[in-house]
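Be aware that the sequence shown starts at 1, since it is given in the working numbering, and climbs by one per residue. The beta-carbon is built from N, C-alpha and C at its ideal position, and this holds for glycine as well.
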Amino acid sequence: MLLDEPPHLASSGANEANNNNNLAKVAGIPVLTPPGPNTNFLTWRYVVRGYLGSINLAYVLNPTEPKSCPATWAKDTSTVSSFIARTIDELNIRFIMELGTDTPAIWAALHEAHQDCSAGGRMYWLRRLGTTKMTGEDNESHIDAMSTNSERLTALITKAKPLTVADIHATGLVNSLPVDWQPCISSFMNDNDVSPARIAAALKQESLRRKARREEETALV
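Next comes the structure, spelled out in structure tokens:
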């Protein structure tokens with residue numbers, strides 16, 4: 001399913017030539033489906049990042065220190081956050097509705113919601129069991145939802161691929177990460193097997209990278 005640009009969002013050729021914010025159109029962008037074993041997240045992410053890169057707006061997808069942000073950051077992140085919201089199924093809105101125009105957080109939240117279900121779904125359903133919270137007063141619906149999560153996970157556990165303590169450890173590590181640390185594990189989170197050691201190594205590498213960046217910024221002051 002592809003989205004067409006709403007008429008009220010169309011801009012003139014002159015404005016398109018001078019303002020990248022007017023170029024963030026949704027035409028031709030696949031709609032991000034809800035999380036699950038059949039999610040199209042990897043395709044959607046590839047298309048969106050490539051498109052935003054072509055109009056020089058992909059930079060707002062990455063966390064940036066306030067003092068390193070260009071003058072156009074606020075306008076660009078507002079444009080891209082709106083663009084993303086218009087290219088996702090409404091069932092994905094709940095993952096980002098409290099993030100405002102914080103595009104890096106939005107990008108990471110969607111990745112977190114979809115990353116595990118792109119590769120078999122084991123960690124996805126295990127995380128759902130560990131993180132789903134009851135909202136409102138409808139406890140019966142919550143109980144049913146948790147039962148469904150359990151059934152989905154059980155269906156993916158076999159004698160050849162049993163659920164292990166390592167699976168639970170890896171899931172716990174991922175659940176413990178703040179949103180802005182999620183991108184550092186994106187390169188392998190869709191693998192069939194993700195060990196706690198791989199996650200820990202990626203986190204340590206990201207910590208070193210952030211430390212080096214802080215030292216560079218301090219040296220420039």
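By the 16-neighbour rule on beta-carbons within 10 angstroms, GLN205 is exposed. ILE185 sits in a helix when the DSSP states are folded into three classes.
Nearest to VAL194 by alpha-carbon distance, out of ILE168, ALA212 and ILE143, is ILE168.
The beta carbon of ILE88 sits closer than 6 Å to the beta carbons of LEU32 from its chain, once the five residues preceding and following it are set aside; these are given in chain order.
Counting the other CB atoms within 10 Å of its CB gives GLU112 a total of 16 or more, which places it among the buried residues. Taking 8 Å as the upper bound for CB-CB distance, ASN175 and ARG128 are not in contact here, some 11 Å apart. Using a C-beta cut-off of 8 Å, the stretch 91-111 makes no contact with the stretch 134-147, since fewer than three inter-stretch Cβ pairs fall below that distance.
When the alpha-carbon of THR64 is set against those of ASP180, CYS184 and SER207, the nearest one is in ASP180. Here the alpha carbons of ALA155 and LEU163 stand approximately 11 Å from one another. The C-beta distance from PRO30 to TRP44 rounds to 5 Å, short enough to fall under 8 Å. For PRO30, the three-state secondary structure derived from DSSP is strand.
Nearest neighbour of GLY172 by Cα position, chosen from MET146, VAL80, THR131 and ILE157, turns out to be THR131. Per the DSSP secondary-structure output, ILE88 pairs in a beta bridge with LEU32. No Cβ-Cβ contact shorter than 9 Å links ILE84 with THR72.
In this structure, the beta-carbon distance from TRP107 to LEU153 does not fall below 9 Å. In the assembly as shown, VAL80 is a buried residue. Its beta-carbon has 16 or more other beta-carbons within 10 Å.
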